[in-house]
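Everything on this sheet refers to the single structure shown next.
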Amino acid sequence: MTTTDSKLETTGVSTSAGTGSRGSRILGITTIIAMGWLVAFGLGFSPEDRDQREAVRLLYVHVPTIWIAYLAFVVTAIGSAMYLFTKKKSLGWDRLAGASAEIGTIFVAVTLVVGALWGRLTWGVFWQWDARLTTTALLFVTYIGYLAVRQLGGTHEQRARRSAVIGLLAVLEIPLVHWSVRLWRSLHQEATVLGTDADVNMDGLMLFSLFVGVVAFTLLYVWLLMHRTRGMAMEDYLDDRGLDEALEARRAEGEPVARGDGAN
Amino acid sequence: MSVWRIARLVAAKDLRIEWHSRVLTNQVLPFAGVTMVIFAFALDSDAVLERVAPGLVWLATMFSMLVLVQRTFAVETDDGALDALRVAGVDPRAIFLGKAGGLAVQLLVLEVVLLFAAVVLFRQTVPVDGLVLLVTTLISATCGLAAVGTLYGGLAAGFRGRETLLPLLTLPAVAPVLIGATRAVEAALGTAGAVVSDGWPWVGLLLVFAVAFGVGGSLAFGPLIDE
Amino acid sequence: MEDAGFIFGSYLLTFAAVGLVAWRYVRSGRRLARRVPDEEKYWL
Numbered sequence: 017m018t019t020t021d022s023k024l025e026t027t028g029v030s031t032s033a034g035t036g037s038r039g040s041r042i043l044g045i046t047t048i049i050a051m052g053w054l055v056a057f058g059l060g061f062s063p064e065d066r067d068q069r070e071a072v073r074l075l076y077v078h079v080p081t082i083w084i085a086y087l088a089f090v091v092t093a094i095g096s097a098m099y100l101f102t103k104k105k106s107l108g109w110d111r112l113a114g115a116s117a118e119i120g121t122i123f124v125a126v127t128l129v130v131g132a133l134w135g136r137l138t139w140g141v142f143w144q145w146d147a148r149l150t151t152t153a154l155l156f157v158t159y160i161g162y163l164a165v166r167q168l169g170g171t172h173e174q175r176a177r178r179s180a181v182i183g184l185l186a187v188l189e190i191p192l193v194h195w196s197v198r199l200w201r202s203l204h205q206e207a208t209v210l211g212t213d214a215d216v217n218m219d220g221l222m223l224f225s226l227f228v229g230v231v232a233f234t235l236l237y238v239w240l241l242m243h244r245t246r247g248m249a250m251e252d253y254l255d256d257r258g259l260d261e262a263l264e265a266r267r268a269e270g271e272p273v274a275r276g277d278g279a280n
Numbered sequence: 006m007s008v009w010r011i012a013r014l015v016a017a018k019d020l021r022i023e024w025h026s027r028v029l030t031n032q033v034l035p036f037a038g039v040t041m042v043i044f045a046f047a048l049d050s051d052a053v054l055e056r057v058a059p060g061l062v063w064l065a066t067m068f069s070m071l072v073l074v075q076r077t078f079a080v081e082t083d084d085g086a087l088d089a090l091r092v093a094g095v096d097p098r099a100i101f102l103g104k105a106g107g108l109a110v111q112l113l114v115l116e117v118v119l120l121f122a123a124v125v126l127f128r129q130t131v132p133v134d135g136l137v138l139l140v141t142t143l144i145s146a147t148c149g150l151a152a153v154g155t156l157y158g159g160l161a162a163g164f165r166g167r168e169t170l171l172p173l174l175t176l177p178a179v180a181p182v183l184i185g186a187t188r189a190v191e192a193a194l195g196t197a198g199a200v201v202s203d204g205w206p207w208v209g210l211l212l213v214f215a216v217a218f219g220v221g222g223s224l225a226f227g228p229l230i231d232e
Numbered sequence: 059m060e061d062a063g064f065i066f067g068s069y070l071l072t073f074a075a076v077g078l079v080a081w082r083y084v085r086s087g088r089r090l091a092r093r094v095p096d097e098e099k100y101w102l
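Protein chains in written order, with our numbering: chain A, 17 to 280; chain B, 6 to 232; chain C, 59 to 102.
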């Protein structure tokens, strides 16, 4: 730690703490408090459900995580549309879309794993081929594809345009997938799994616990999004500068400047 | 020149290249055939194969499509032909429709051959009253597949790692086609006691899919390849 | 609590995954911030 710190003083660029700001710090502390509440209500105060028994406690993390995933992908679509359809092609929108997709993908992964555990508990199996699960799995893969497209390389503008198009196509794709999977499962009629769907008979305290969960995870999402977009902004800046420096160095050596391969 | 006329020219050019190179007949069709045979090794039961044959036809079609798409864009990007078309001011919608059309023709050939293989290898029969449904399904599913394949093929073309990116993007997107086309073909062939009338709702799904990705693709193709 | 393993495990897993991501974001942010001049940081 100290060695890198002293190195930075010689380059003398910056000494600031990172991607944190006053706002993000306050938000972070609020998030931690909300998460504490979630644990207290979810694992403590909430009563057990008539049908689901103790397993209902998984609802308080499962529902908020998938809600955040959907929210994140909606934000990705909005960011993509704003990048493509506004006059000033602001990379800020692109980074918002990318950061949001990254966070959303992580939350889908968590949802799938926790959902599988919940399924094992209430259905006796990890996976059911029902419409919601199957769509969620395809959603996961779709956004992994989106993130892979972001890694393709090229200039920031190329990346932004390509990924914006993919981000919008995903909005076209997901409803079609969901529709087809629902049609598919409705024919097999085993989708209404053992009468234990998520619509449990919720009393007031359960509903409140779920509300706490949604609030806590929404705060967390905003916090993550702030840090990630700021990080991406710095990555882009360093990319640009790295290319400039490489060109400078070559000019200094008196070699003819060829376009960097890294820009492909 | 109108978009459709240029699209026809692009499609004709692609098909002519394929016709001369014989990649479809000499490599892709044998690949699809081998896929059908190794399905039989994996599933290892006549009854099961008979039941799942329509699905296997579409799976083999999709895997072969990935090969075809990579091929059709490798031809374009290797000598910068795609850029040349763009620089010449050709409407990207026309390029998209043309390439999708060329791909669709090749896919149709592939599907007919695979269906024939299913009849021979997996004891399928083609009843006369299912023929209309079968043909409609083949055409609508092929349009959807070709649109998705062309769209993502164009995106991935010219980049390192495209071989892995293309399936990752394409397969989740064409999942509705796999579901819909398989059910519709099951209905048309009467697999597992399915009746023909069961198939038509699926054709509806396939048509909506084809239109959605046809329109979406022709709009998105310009921004994707324009760089 | 019945099935405590599953329930606590799921909570733990969720928080661990999220915490790991948060930690990685903050850490990479710190590392990047050392090489970027302050006037580029719009949030300061």
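All C-beta atoms in this analysis are idealised placements derived from N, C-alpha and C, irrespective of residue type, glycine included.
It should be emphasised that the depicted structure is a prediction, and the values quoted were computed from it without experimental measurement.
Which whole-angstrom value is the C-beta distance of residue i and residue j, which I expect to be below 8 Å?
i	j	result
residue 86 of chain A	residue 226 of chain A	Between residue 226 of chain A and residue 86 of chain A the Cβ distance is about 16 Å, and since that is not below 8 Å, they are no contact.
residue 42 of chain A	residue 244 of chain A	Between residue 244 of chain A and residue 42 of chain A the Cβ distance is about 18 Å, and since that is not below 8 Å, they are no contact.
residue 207 of chain B	residue 185 of chain B	4 Å
residue 152 of chain A	residue 128 of chain A	6 Å
residue 211 of chain B	residue 135 of chain B	Not really, about 16 Å apart at Cβ, beyond 8 Å.
residue 120 of chain B	residue 201 of chain B	Their Cβ separation, rounded to whole angstroms, is 16 Å, which puts residue 120 of chain B and residue 201 of chain B out of contact at 8 Å.
residue 22 of chain B	residue 80 of chain B	6 Å
residue 141 of chain A	residue 135 of chain A	6 Å
residue 34 of chain A	residue 87 of chain C	4 Å
Pick from the options: whose alpha carbon is nearest that of residue i?
i	options	result
residue 231 of chain A	A/36, A/132, A/52, A/244	A/52
residue 159 of chain A	A/148, A/121, A/140	A/121
residue 90 of chain C	A/266, A/247, A/263, A/267	A/247
residue 155 of chain A	A/259, A/187, A/63, A/62	A/187
residue 110 of chain B	B/88, B/202, B/143	B/143
residue 61 of chain C	A/72, A/194, A/126	A/72
residue 192 of chain A	B/116, B/192, B/113, B/213	B/213
residue 82 of chain B	B/158, B/153, B/115	B/158
residue 78 of chain B	B/125, B/168, B/177	B/168
For a contact meaning CB atoms closer than 7 Å, what does residue i contact in chain C?
i	result
residue 253 of chain A	94, 98
residue 81 of chain A	72
residue 34 of chain A	84, 87, 88, 91
residue 73 of chain A	65
Suppose the cutoff is 6 Å on Cβ atoms and the five residues either side in sequence are ignored; what does the same chain contact list for residue i look like?
i	result
residue 54 of chain A	228, 229, 232
residue 57 of chain A	225, 228
residue 241 of chain B	Within the shown structure, residues of chain B are numbered from 6 to 232, placing residue 241 of chain B beyond reach of any answer.
residue 99 of chain A	109, 110, 176, 180
residue 275 of chain A	With a pLDDT of only 45 at residue 275 of chain A, under the threshold of 50, the placement of this residue in the model should not be trusted; the figure read from the coordinates follows. Closer than 6 Å at Cβ, skipping near neighbours: no residue.
Hey, would you say the C-beta of residue i is under 7 Å away from at least one heavy atom of the ligand ATP?
i	result
residue 67 of chain C	Only the bare structure without any ligand can be found here, which leaves the ligand ATP out of the picture.
Name the chain A residues that come within less than 7 Å of residue i, Cβ to Cβ?
i	result
residue 81 of chain C	Correct list: empty, because the minimum Cβ distance to chain A is about 11 Å.
residue 185 of chain B	196
residue 221 of chain B	185, 188
residue 229 of chain B	178, 181
residue 78 of chain B	Result: empty, since nearest Cβ-Cβ is about 14 Å, beyond 7 Å.
residue 217 of chain B	188, 192
residue 225 of chain B	181, 185
residue 214 of chain B	192
Can you name the residues of chain B whose CB is closer than 8 Å to the CB of residue i?
i	result
residue 160 of chain A	173
residue 221 of chain A	Ordered by position in chain B, no residue passes the 8 Å Cβ test against residue 221 of chain A, which lies about 39 Å from the chain.
Using a Cβ cut-off of 7 Å, pull out every chain B residue sitting near residue i, in sequence order please.
i	result
residue 189 of chain A	178
residue 164 of chain A	170, 173
residue 134 of chain A	The contacting residues do not exist; residue 134 of chain A stays about 24 Å from chain B at best.
Run down chain B in chain order and give the residues with a C-beta less than 9 Å from the C-beta of residue i.
i	result
residue 265 of chain A	Those within 9 Å of residue 265 of chain A in chain B number zero; the least Cβ separation is about 25 Å.
If I measure Cβ to Cβ from residue i and keep anything under 7 Å in the same chain, skipping five residues before and after, which residues do I get?
i	result
residue 122 of chain B	38, 41
residue 90 of chain B	100
residue 36 of chain B	69, 72
residue 28 of chain B	76
residue 8 of chain A	In the structure displayed, chain A extends from 17 to 280; residue 8 of chain A sits before or after that span and is not available.
residue 106 of chain B	12, 16
Taking Cβ-Cβ distances shorter than 8 Å, what residues in chain A pair up with residue i?
i	result
residue 100 of chain B	Going along chain A, no residue has its Cβ under 8 Å from residue 100 of chain B, so there is no contact; the nearest lies around 15 Å.
residue 197 of chain B	Correct list: empty, because the minimum Cβ distance to chain A is about 12 Å.
By the criterion of Cβ-Cβ separation under 9 Å, what are the contact partners of residue i in chain A?
i	result
residue 59 of chain B	Ordered by position in chain A, no residue passes the 9 Å Cβ test against residue 59 of chain B, which lies about 14 Å from the chain.
Residues in the same chain with beta-carbon distance under 8 Å from residue i, minus the five sequence neighbours each way, listed in chain order, please.
i	result
residue 201 of chain A	145, 146, 147, 150, 207
residue 61 of chain A	221, 225
residue 173 of chain A	105, 107
Using a cut-off of 9 Å between C-beta atoms, extract the partners of residue i located in chain C.
i	result
residue 48 of chain A	None at all; the shortest Cβ gap to chain C is about 10 Å.
Next on the checklist: With three or more beta-carbon pairs closer than 8 Å as the criterion, would you say the region 227 to 243 of chain A touches the region 213 to 232 of chain B?
Outcome noted: no
Next on the checklist: Tell me whether the region 191 to 210 of chain B and the region 40 to 58 of chain B touch, counting them as touching only if at least three CB pairs, one residue from each stretch, are closer than 8 Å.
Outcome noted: yes
Item to check | Any 3 or more C-beta pairs closer than 8 Å across the region 74 to 93 of chain A and the region 109 to 117 of chain A | outcome: yes
Checklist entry - Listed from N- to C-terminal order along the chain, which residues in the region 238 to 250 of chain A have their beta-carbon within a distance smaller than 8 Å of any beta-carbon of chain D? => result The chain inventory of the structure shown lacks chain D, comprising the protein chains A, B and C.
Checklist entry - Are at least three pairs of beta-carbons, each pair with one atom in the region 167 to 180 of chain B and one in the region 67 to 74 of chain C, less than 8 Å apart? => result no
Item to check | Given 8 Å, three or more beta-carbon pairs between the region 149 to 162 of chain B and the region 78 to 96 of chain B | outcome: yes
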